[in-house]
Amino acid sequence: MADTTNAVELQNVVKRYGEFTAVKRMDLTVPDNSFVTFLGPSGCGKTTTLRMIAGLTDVTEGDLLIRGKRVNSLPIHKRNLGLVFQNYALFPHKTIFDNIAFGLKYRKVAKADIAKKVTDALELVQLPHVADRYPNQLSGGQQQRIALARAIVIEPDVLLLDEPLSALDANLREEMRVELKRIQRELGVATVFVTHDQSEALAMSDKLVVMNNGIVEQEGAPEDVYNNPASAFVADFLGHSNIIAANLGSPDAAFTSVNLQSGETLLTTAEQTAKANGSKDVRAVIRAEKIELSDQNSAKDGSIAIPGKIKTVDYLGQQARYFVTANGRDWQVINPIDARPHQEGADIFMHIAARNCVLLPGHQD
Amino acid sequence: MADTTNAVELQNVVKRYGEFTAVKRMDLTVPDNSFVTFLGPSGCGKTTTLRMIAGLTDVTEGDLLIRGKRVNSLPIHKRNLGLVFQNYALFPHKTIFDNIAFGLKYRKVAKADIAKKVTDALELVQLPHVADRYPNQLSGGQQQRIALARAIVIEPDVLLLDEPLSALDANLREEMRVELKRIQRELGVATVFVTHDQSEALAMSDKLVVMNNGIVEQEGAPEDVYNNPASAFVADFLGHSNIIAANLGSPDAAFTSVNLQSGETLLTTAEQTAKANGSKDVRAVIRAEKIELSDQNSAKDGSIAIPGKIKTVDYLGQQARYFVTANGRDWQVINPIDARPHQEGADIFMHIAARNCVLLPGHQD
Amino acid sequence: MSGWSMIRIATILVYLFLFAPVAVVILLAFNANQFGGFPIEGFSLRWFEALWNNDAIVRAFKTSLLLGLLTSAVSTTLGTMAALAMVRYDFPGKRTISTLLVAPILIPEVVLAVALLLFLQALSMPKSFGLLLMGHVVFTLPFVVLVVQARLVSIRRDVEEAAMSLGATPVQTFFEITLPLMLPAVMAGMLFSFTISFDDITGTLFWKPGGVETVPTQIFAMLRNSISPEINALGAVMVIFTIALPLIAASIARVMSARKLRASNRKTQTA
Amino acid sequence: KNARAATPEQVRFDGWGGVVSEAFEKYAFAPYTQKTGIKVISGTFGGADEYIARVKAGQPGEFNLAHLSGVFDYARYHGLELTSELNEANIPNLKNVIPTLIDPLRKISGGTLSAVPYDYGTTGIAYNRKYISDDEAKAKGAKLMVDEAYKGKIGGWGEWKTRIWYGALQSDQDPNNIKDIDAVWDMIRSHRDLALKYWSSGAELMSLLAEEEIYVTEGWSGRIKALQDQGHDIGYLDPAGGLGWQECLFVLRGSPMAACEELLNFMLEPEVAIAVAEGQSYPPALDPNKVDLGKIIPTLPAFDPKGTLASLSFFDPAYWNENEADWSKTFSRVQRGY
Amino acid sequence: MAADIAGARRAPWMLLSPSLATVGLLLIIPMLFIVVYSFWLRTATGADQVGFYLDNWIEVLGDRFYRDILFQTFAIAFYTTVICALVGYIPAYFVANTPMKSKAFLLLMLMLPFWISYIIRTMSWINILGTSGALNTVMLSIGIIDEPIQMLYNQTTVVLGLVHYLLPFMILNVYVSLDGIDKNLTEAAQSLGCTGFQAFREVTLPLSLPGLAAGSLLCFVLAAGTYITPIVLGGPRDAMFANLVFEAIVTQLNWPLGSALSLVLLALLGALVVIYTRYLGIDQIAKSFK
Ligand SMILES: Nc1ncnc2c1ncn2[C@@H]1O[C@H](COP(=O)(O)OP(=O)(O)OP(=O)(O)O)[C@@H](O)[C@H]1O
Ligand SMILES: Nc1ncnc2c1ncn2[C@@H]1O[C@H](COP(=O)(O)OP(=O)(O)OP(=O)(O)O)[C@@H](O)[C@H]1O
Ligand SMILES: NCCCCNCCCN
Ligand SMILES: [Mg+2]
Ligand SMILES: [Mg+2]
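Chains as they are written, first to last, in our numbering: chain A, 2 to 366; chain G, 2 to 366; chain V, 815 to 1085; chain S, 2 to 339; chain B, 5 to 294.
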């Protein structure tokens, strides 16, 4: 018998649409009570994977296990899942109340309880007044919240959420996220969550699954994945990274020098150096938000300052994004705005601490 | 004749659905060649306003002007608009190629040119290989990109985009945003953009329109709106703000003291003090990301340090969000993560600079 | 047994039920006897030969075919337009008009037939093929309106809106977007109006001008003297055509595409 | 107002379809057109009632000639003022027609004629010899059709006149002089309850008998003959007071008379009339004493070699017309169980 | 709601005008003649007596005979409709969920019976169900029965004939509606705990109601207006209201009475249509779509 501490497990799962392979080989576990997030570029197979778990799409090859049992051909209604579709899929002919009550009815919840639960769910998604409307009388974000309420209200064993917050504004989204997390904890329901919002993914997940092109690129705790990307793809996909081919210098007491192809030399830590496995040929990954800009060179021990010129500035509210040209190479830098952003054309120093210089093997992908 | 430098102008526009008023009174201009973003909570009337501009929804009251001409009853196909729907609205019975070519056909573009333009548009949205598929064979994000390509390819006079990037991952979204901006500049097309992503709104817009509940709360240049919210709603909606009732102290040479209800005293600038119009009764608005946390009290001139205890930490990748309890009040603070986030339970100082303490009248809303 | 295979079996049974009389007619078309019933006593092609030589039936058949095709063309056009108005717009008097559009099938045909003739009498207008056609259009119209309406309500409005936003006029939008999406209903409407027209007796009896006969009126007039199995033979020929044509077309298409595939395979191999 | 009055270039003829109209077309209309240049537009109808309804709804002159049923209908058309006046001088072949068939027509239209008789037949009792012997049929006569023994195996024409006629015979009354109409209705009810089916066309009559759905019914002589020719063992009996009828070629008011008269004369040419008669299995109205009817005609049922038709009874048009409104309506109810 | 704002007022009328003109000219005006006729009387010869008489109306409305037949007619129409709906839904569902290629063929096959003229088709039931028909022959030969069963010429065979005639209309109507339903919705229902069948009942069935309702309306109305089927497949007593109308107009040449009768039928069926448009019609259903 398989490991029963996994709510969902995919073993070598493949999905083909005719000649096109949407999911190439998916190995994945969703531990009990955990919150797992799928992150990946558009079209990488997130929805397809979710649909296979839900039982809406046939698995072409491989095994799908729920609570250790192979369920490749278990009908969806026996899986006790809560599912939020990317396009909501509200029942157009039912009122909002009936949409949310739907799943409860099939769980033989008493009438009075249903009314109570639906009202609560509507409160939860902050739409207490729309119970009598039809879906087509709601805005996009409102429909999405109803879809969420409908999936949550049944207190399922597994919650599958396909971008359930994408149509909400930042504040509401945050509130929903908190609620969602609370519900997940309270019910102890294993949750698979698809999102394109990285901070959401990082903030909410127990486990982050980065997918690309029908395979899992990396999975692990959010901080781990963020701080130690296993591939250039992950490094670049999570946040913005400057990835530069480099040669590893000889290790110093505390730090190792990293000679970038573009000419500059950075420092890195012993921990990172170990990842190179003795090879000199590496790529240095420096996150845009880990580079500190300032007018003066204020490099301290274990940090390097590279002079450059600001080429463009994007104003992002609390932060600004800069493209800084140094030695003919464009660096991307994201810094919080203190009083006001640095100006276009300004001469500037980029400070990079050794601990922020992550290494990857030279020709991995 | 009305001001012809406005591509679109709404004058006292009202939209009612039966008894429900979705748009209460909308006064709004979209200047020629400008990029205007609608920002607002779910259900506030963004889509409705866009649809009225497009001519898809009747204007109940008021005037709608395009290039200075009242167009309340001009049919949509004569308005030369590019429109991206919140739910894409691709033609299910046409291939992706034909979906994108659709508008070109009605602009009497030569066959060969159509093929070229469609191919270019597909390149632009990074889906060169899907021309022969049908919409239902694409993922959500892919469909959304096709919808964008279809609207852009016709080079319209006005581009109306209803959350056109919501289903895309951060990287792709950024690339699309750059492309969109480039196209907008090149064509000089007035663009109305609906988004829930604030950094997107702040980064892209020439003009930001913050809506709430069917009215415009504030409009203006993004930085202006961000730095000088006209209402608590705007302050809270754009980013996260700590909004605290306060009493204005007597003005100092450079700074004025702000006595918070919760007991602490902050400083603010003369510029802000002026906004109070002599009244003592104000609300202080301090953005979460403008509060600097550190272990030590390092308050300088024009800055105040408030001691507190970290209650919770949310890991957001490059940043962390903290709830800090000080004097029985919870403060929200967002700070970039340097080496590692501050720990839950840690004693901490919140540094607030005078320029980051924005004032609002006491009982405005 | 899975639900789907039960549905399949039920469907086959329903189709068998629908085809039973057709099968009987076809069998009897090969029966040597005029009245035999079952078991059939002899096989013969004489009724097909008779059909071939029977100008009247062949002529009536051509008339019916033409009338049916024209009726379905006109009726489907008018009915689809009306359905579009009913579903896509709000206007005063909609309910009344909705009832009005269905009215033609609420009146016994013989009454409608006589009433229309009385009207023509008052106008001193002679009967004509055009009148017969319009008569058929009137009582096939409700079929088209009903079926197209039922489909139209479920077609998403926003794809039409998207088309118009891209510069298509409402008319162009209709032909490019709405029509293809409701094609099943329009085809159904066409089938309805064609078959009803092709099969109509009562209205046709009253409205047909001198010298015009359709298959049903021809048959009706023959009833006094026992129907000749030539009629069965005609039915058999039509049925065989109906079944065979799409099958032939499909297999031609298959052969063609197979050939194309082979050709392209060859190309990639040599490349 | 004569918008549709036939021009001398064409006349309109309506008749029964199938073999009858084929024979008409081939032996009458085509040669006639060739001879005179006048086109015959040939139409069909499914029954006399339907045709009269169409004529009534039509326009004057729209319909010209028709192959109509019986004396009774002639009277109906006369009542509706649709009769014309034939110039008998233009129809020399009329002299060959059995006088007893002409006289009733003349009587109705006051001496002149609006039609020429063309064929005749009987509505007798048809029975399946497998189940009913000739003797039994002969013994029971019309009452064979209300015999409990054949419940569920009895048929009948669903036409009010025929039903009443047989009802009269079954209640031992003179159909042309019914004393106790209630007794007739009762008989009709009895027959209705025993019957499996009221048939409504010759085709149905033949198939019911051929497939042995029913064993006994009244039937049209020509149809029964056709069945017998196909090898079905069906007996046919004209009971005492057997019901005869004739069919005529009727010219409606407002028609181009000369052209119509010429056509009538042409159709009464013996070879034409005989060909048509053979086609439909009903004897022609030609007098066997004056014309040689060939070999086949004399074998047709109901054929009277004497040419007097003395053994047959016909509907008395005056009597039946007088009761038509009432009886047809009452029959409609009785049929449905009232 | 209206896309073409400028044309929104005019557009529906432009779309409707050809149909309304056709119906108005070929139905409404002619039916006024019928209304007038219903107040005339039939003379002894079958000619019409012009005037204003209420006799026909008194007879039609006051006589139980007509009421009974009317009731019987509606009962038959009702059975027919229900059977058509029950029997027709399944193949419609099957066709709607069949791959595109076979779909067209299956739909075309539905229309096959129509190539055989209605009368012949109806009469051919005699060859199937008759005592020497196919069914009895088969059952006799395999020994299920010893002697032929009398199946024909009763109300059941009338309904059978009507069902056979009307089934394609029902199937096609339902199919057209089913074909337009978003598959995501049944999936959503199943994800919420419905079995396939429950999802069908909750989502597919209600969303196919427009087609089912349209099909049922057609079946009911056509069945109620039929007169040939009872003549061919019914026993002596089996009659429907349209037979009375037909007899009045054609056999009895009593157009005034026939007019009054047909107006009664029109009024009753019209009421049904009004109910349909109100509670099942497009307006009602359109609310939940778009
Ligand atoms: N047909 C309708 N009938 C009644 N109310 C409607 C209808 N359509 C929209 N509304 C309401 O109008 C308001 C504005 O809707 P709108 O779609 O413009 O919101 P939005 O700003 O686009 O929201 P979102 O960001 O969620 O898409 C909402 O409260 C919605 O519930
Ligand atoms: N029916 C289909 N036929 C062919 N290809 C398909 C079909 N459905 C999906 N695909 C393809 O499979 C791939 C994975 O699709 P999926 O919907 O799982 O992507 P996703 O990760 O959910 O993307 P998004 O974030 O854009 O929603 C895509 O490239 C898509 O084009
Ligand atoms: N009503 C009198 C009988 C007329 C019978 N005609 C039936 C048609 C066969 N010639
Ligand atoms: Mg997806
Ligand atoms: Mg919206």
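All residues carry an ideal CB built from backbone N, CA and C; glycine is no exception. Computed from a predicted structure; not experimentally measured.
Subject >> Assigned exposure category for L11/G - 16 Cβ within 10 Å defines buried >> reply: For the purposes of this step, residue 11/G is identified with residue 10 of the second sequence, where counting begins at 1. Counting Cβ neighbours within 10 Å, L11/G comes out buried, since at least 16 surround it.
Subject >> Closer than 5 Å to ligand 1: residues, by C-beta to nearest heavy atom, in chain order >> reply: Q138/A, L139/A, S140/A, G141/A, G142/A, Y18/G, F21/G, A23/G, S43/G, G44/G, C45/G, G46/G, K47/G, T48/G and T49/G
Original post:
Would you say V91/B reaches chain V, if we count a Cβ-Cβ gap shorter than 8 Å as a contact?
Top reply: As a working mapping, residue 91/B is identified with position 87 in the fifth sequence. Yes, because at least one Cβ of chain V sits closer than 8 Å to the Cβ of V91/B.
Original post:
Going by Cα to Cα distance, which pick from A148/A, P223/A and V179/A is closest to A193/B?
Top reply: Along the fifth sequence, read from residue 1 onward, the residue named residue 193/B stands at position 189. That would be A148/A, whose Cα lies nearest to the Cα of A193/B.
Original post:
For a contact meaning CB atoms closer than 8 Å, what does R241/B contact in chain S?
Top reply: Position 237 of the fifth sequence holds residue 241/B. Under the 8 Å cutoff, chain S gives R193, Q336, R337 and G338.
Subject >> Q333/G, enclosing beta strand (DSSP E) - first and last residue >> reply: One-based indexing of the second sequence puts residue 333/G at position 332. Counting along the chain, the beta strand (DSSP E) containing Q333/G begins and ends at R330 to P337.
**OP:** Note the first and the last residue of the continuous alpha helix (DSSP H) segment covering C223/B.
**Re:** As a working mapping, residue 223/B is identified with position 219 in the fifth sequence. That run of the alpha helix (DSSP H) goes L213 to A228.
Original post:
Which partner residues does W246/S have in the DSSP bridge list?
Top reply: Against the fourth sequence, residue 246/S aligns to sequence position 245. Answer is G122/S, bridged to W246/S.
**OP:** May I ask you to report which of helix, strand or coil DSSP gives V210/A?
**Re:** Residue numbering aside, residue 210/A sits at position 209 when the first sequence is read from its first letter. V210/A: strand per DSSP, three-state reduction.
Subject >> D163/G: CB within 7 Å of a non-hydrogen atom of ligand 5 >> reply: Counted from its first residue, the second sequence places residue 163/G at position 162. Yes, the Cβ of D163/G comes within 7 Å of a heavy atom of ligand 5.
Original post:
Can you tell me where the beta strand (DSSP E) with R26/A in it begins and where it stops?
Top reply: Here residue 26/A refers to the residue found at position 25 of the first sequence. F21 to P32 is the extent of the beta strand (DSSP E) around R26/A.
**OP:** At 7 Å on the CB atoms, spell out the chain B contacts of R146/A, in chain order.
**Re:** In the first sequence, the residue the question calls residue 146/A occupies position 145. The premise fails here: R146/A is roughly 15 Å from chain B at the closest Cβ pair, so nothing lies under 7 Å.
Original post:
Helix, strand or coil: how does DSSP classify W321/S here?
Top reply: Locating residue 321/S in the fourth sequence gives position 320, where the first residue counts as 1. Three-state result, W321/S: helix.
**OP:** Pull up the distance between the alpha-carbon of L301/S and that of Q247/S, whole angstroms please.
**Re:** To locate residue 301/S, count along the fourth sequence from 1; it is residue 300. To locate residue 247/S, count along the fourth sequence from 1; it is residue 246. Their backbone Cα atoms lie some 15 Å apart in a straight line.
Subject >> Whole-number beta carbon distance between H197/G and E164/G, since they are thought to touch under 8 Å >> reply: If you number the second sequence from 1, residue 164/G lands on position 163. If you number the second sequence from 1, residue 197/G lands on position 196. Confirmed, about 7 Å.
Original post:
Taking DSSP as the reference, what is the three-state secondary structure of W17/S?
Top reply: By 1-based counting over the fourth sequence, the position of residue 17/S is 16. Note: W17/S maps to coil in three-state DSSP.
Subject >> Burial state of M895/V (16 or more Cβ within 10 Å) >> reply: Translated into the one-based positions of the third sequence, residue 895/V becomes position 81. M895/V should be labelled buried.
Original post:
Comparing the C-beta of S74/A with each C-beta of chain G, is any distance below 8 Å?
Top reply: Taking the first sequence and counting its residues from 1, one reaches residue 74/A at position 73. For S74/A, no CB of chain G lies under 8 Å from its own CB, so it is not counted at the interface with that chain.
Original post:
Nearest-angstrom Cα distance between S128/B and Q53/B?
Top reply: Here residue 128/B refers to the residue found at position 124 when the fifth sequence is read from its first residue. Here residue 53/B refers to the residue found at position 49 when the fifth sequence is read from its first residue. If I take the Cα positions, the gap works out to 43 Å.
**OP:** Note down, in chain order, all residues in the segment 218-235 of chain S with a beta-carbon under 9 Å from any beta-carbon belonging to chain V.
**Re:** W221, G223, R224, A227, L228, Q231, G232 and H233
Original post:
Less than 7 Å between the CB of G63/A and some heavy atom of ligand 2, yes or no?
Top reply: Residue numbering aside, residue 63/A sits at position 62 when the first sequence is read from its first letter. Answer for G63/A: no, Cβ out of range of ligand 2.
**OP:** Starting from the C-beta of T1082/V, find all residues in its chain whose C-beta is less than 7 Å away, skip the five residues before and the five after it, and write them out in chain order.
**Re:** Sequence index remark: in the third sequence, residue 1082/V carries index 268 (1-based). In this prediction, T1082/V has a pLDDT of 43, which is less than 50 and means its spatial position is unreliable; what the coordinates show is noted afterwards. Non-local beta-carbon contacts of T1082/V in its own chain, meaning distances under 7 Å to residues more than five positions away in sequence, are absent.
**OP:** Within the segment 23-50 of chain B, note down every full alpha helix (DSSP H) run reaching 4 residues or more, in order along the chain.
**Re:** 33-41
Subject >> A168/G CB to nearest heavy atom of ligand 2 below 7 Å >> reply: For the purposes of this step, residue 168/G is taken as residue 167 along the second sequence, with counting starting at 1. A168/G Cβ: within cutoff of ligand 2.
Subject >> Within-8 Å CB hit, T281/B to chain V >> reply: Along the fifth sequence, read from residue 1 onward, the residue named residue 281/B stands at position 277. At least one chain V Cβ lies under 8 Å of T281/B.
Original post:
What does R201/S touch in chain B if you count any residue whose Cβ is under 9 Å from its own?
Top reply: On the fourth sequence, position 200 is the one that residue 201/S refers to. In the sequence on display, residue 201/S carries Ser and not Arg. Those are I235 and V236, listed as they occur along chain B.
Original post:
How would you write the range of the alpha helix (DSSP H) that M97/A sits in, first residue to last?
Top reply: On the first sequence, residue 97/A is found 96 positions in, with the first residue counted as 1. For the sequence presented, residue 97/A should be read as Ile rather than Met. I97 to K106 is the span of the alpha helix (DSSP H), which, as asked, contains I97/A.
Original post:
Within this structure, are the beta carbons of T38/G and F234/G separated by less than 8 Å?
Top reply: Counted from its first residue, the second sequence places residue 38/G at position 37. Counted from its first residue, the second sequence places residue 234/G at position 233. Not closer than 8 Å, so no.
**OP:** Specify the secondary structure class of T192/G as computed by DSSP and reduced to three states.
**Re:** Reading the second sequence from its first residue, position 191 is the one you call residue 192/G. Strand, per DSSP.
Original post:
What's the call for L926/V, buried or exposed, on a 16-neighbour Cβ count within 10 Å?
Top reply: By one-based count along the third sequence, residue 926/V stands at place 112. Burial call: buried.
**OP:** Can you give me the Cβ contacts of L74/B inside the same chain, cut-off strictly under 6 Å, excluding the 5 residues immediately before and after it?
**Re:** What you label residue 74/B is simply residue 70 of the fifth sequence in a count that begins at 1. Here the set comprises F245.
Original post:
What are the residues of the segment 147-178 of chain B that lie near chain S, defined by any Cβ-Cβ distance shorter than 8 Å?
Top reply: Q154, L156 and Y157
**OP:** Closer than 8 Å by C-beta to I871/V: which residues in its own chain qualify, once you throw out the five before and the five after it? Chain order, please.
**Re:** Translated into the one-based positions of the third sequence, residue 871/V becomes position 57. Answer for I871/V: L865, V1029, Q1032, E1044, I1045 and L1048, listed in chain order.
**OP:** Closer than 7 Å by C-beta to I245/G: which residues in its own chain qualify, once you throw out the five before and the five after it? Chain order, please.
**Re:** Mapped onto the second sequence, residue 245/G falls at position 244. Within the same chain, I245/G has close Cβ partners L261, Q262, S263, R284 and A285.
Original post:
Can you find a heavy atom of ligand 5 that lies under 7 Å from the Cβ of Q144/A?
Top reply: The sequence position of residue 144/A within the first sequence is 143, counting from 1. Q144/A: no, Cβ never under 7 Å from ligand 5.
Subject >> Neighbouring residues, chain S, relative to M1036/V (Cβ below 7 Å) >> reply: Residue mapping note: residue 1036/V aligns to position 222 of the third sequence, counting from 1. Residues of chain S passing the Cβ test: G18 and G19.
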